[in-house]
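Residue numbers (our numbering): 7 to 280.
Heads up, the beta-carbon is just placed ideally off N, CA and C, and yes, glycines get one too.
Since this is a predicted model, take the numbers as computed values, not measurements.
Here is the structure we will look at, set down as structure tokens.
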């Protein structure tokens, strides 16, 4: 056990150290929320033009970079689940560039399967949280999250394709760079808003266990439903619901969620979806 871990596990000293660390994380998160809203904005893809932008981002990431899907001549990545999905993107305000996208796949009937039901149903080992236990209109899946390489900060990573995700220091300011690693978190928060405010009670996602662990850092506690399987890389089935999501967000990241929720809800209201 490392010295730092031993210190954290020491009575009294460990408790104080953890509280100090928690305060710092919360304060940093509040700063991130301010920077996020200054440079980034969640936006629903409500028109054919915006949905085409979603499909282009997905093609860039899933087809060209990661090679999870074949490259399409039209430069758009689409599938059967898009017809019963709602989409969100995050825009970089200064450049009006869309950085990323995510979709929430919904189901109104037994014929409208979620991706996890069609491709990975056997991976769900927790029978009590099986999608078949719930009303079709109350389940959804967060799917096809994609962030353009230009907006991923790290020069290298263990995951295929991430090595080219370098941000040009000459293009973006240091303040902007501070919030780019939180784009993925922002996407999950946008998806959470889309689910919560449209009556969804049970949310599924197939994700890398490493990503699920990192999400716990901000209080997004996905519950693993089974072992990891080979599905566009090593991924496992996860579950979350609105109560788990809202009860566990750390104070600092609650401020980020509120900012994103306000933006998304305003757009949903304009569309008369809430």
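Alpha carbon to alpha carbon, what distance is there between residue j and residue i?
i           : j           : result
residue 163 : residue 150 : Residue placement at residue 163 is poorly supported in this model, since its pLDDT is 40, which falls under 50; the coordinates are not used for a value here.
residue 252 : residue 207 : 12 Å
residue 281 : residue 95  : This structure gives no information on residue 281, because the portion of the chain shown stretches from 7 to 280.
residue 44  : residue 99  : 8 Å
residue 83  : residue 104 : 16 Å
residue 277 : residue 248 : 22 Å
residue 369 : residue 139 : What is shown of the chain runs 7 to 280, which leaves residue 369 out entirely.
residue 102 : residue 203 : 27 Å
residue 67  : residue 110 : 18 Å
residue 88  : residue 266 : 23 Å
residue 142 : residue 257 : 32 Å
residue 85  : residue 41  : 34 Å
residue 61  : residue 205 : 26 Å
Suppose the cutoff is 8 Å on Cβ atoms and the five residues either side in sequence are ignored; what does the same chain contact list for residue i look like?
i           : result
residue 221 : 191, 194, 227 and 228
residue 273 : 49, 50 and 52
Within the 8 Å Cβ cut-off, does residue i reach chain C?
i           : result
residue 271 : Annotation note: the requested chain C is absent from the structure, which comprises a single protein chain.
Where do the N-terminal and C-terminal ends of the alpha helix (DSSP H) with residue i fall, by residue?
i           : result
residue 194 : 189 to 202
residue 252 : 248 to 254
residue 55  : 54 to 64
Cutting at 7 Å between CB atoms, please list the residues of its own chain near residue i, excluding the five before and the five after it.
i           : result
residue 126 : 212, 235, 237 and 243
residue 263 : 195 and 255
residue 241 : 212, 213, 214, 234 and 235
Could you spell out where the beta strand (DSSP E) holding residue i opens and where it closes?
i           : result
residue 107 : 103 to 112
residue 46  : 46 to 50
Which residues in the same chain have their Cβ closer than 6 Å to the Cβ of residue i, if we skip the five residues on either side of it in sequence?
i           : result
residue 246 : 209 and 228
In the DSSP output, what is residue i paired with across the bridge?
i           : result
residue 275 : For residue 275, which the question treats as bridged, DSSP gives no partner whatsoever.
residue 264 : Paired residues: none, contrary to the question.
residue 212 : 243
- Message: Assess contact between the segment 44 to 62 and the segment 209 to 223, defined as three or more Cβ pairs (one per stretch) separated by less than 8 Å. Is contact present?
- Response: The segment 44 to 62 vs the segment 209 to 223: no contact.
- Is there contact between the segment 114 to 129 and the segment 73 to 80, where contact requires at least three CB pairs shorter than 8 Å? Contact between the segment 114 to 129 and the segment 73 to 80 is absent, because fewer than three Cβ pairs lie under 8 Å.
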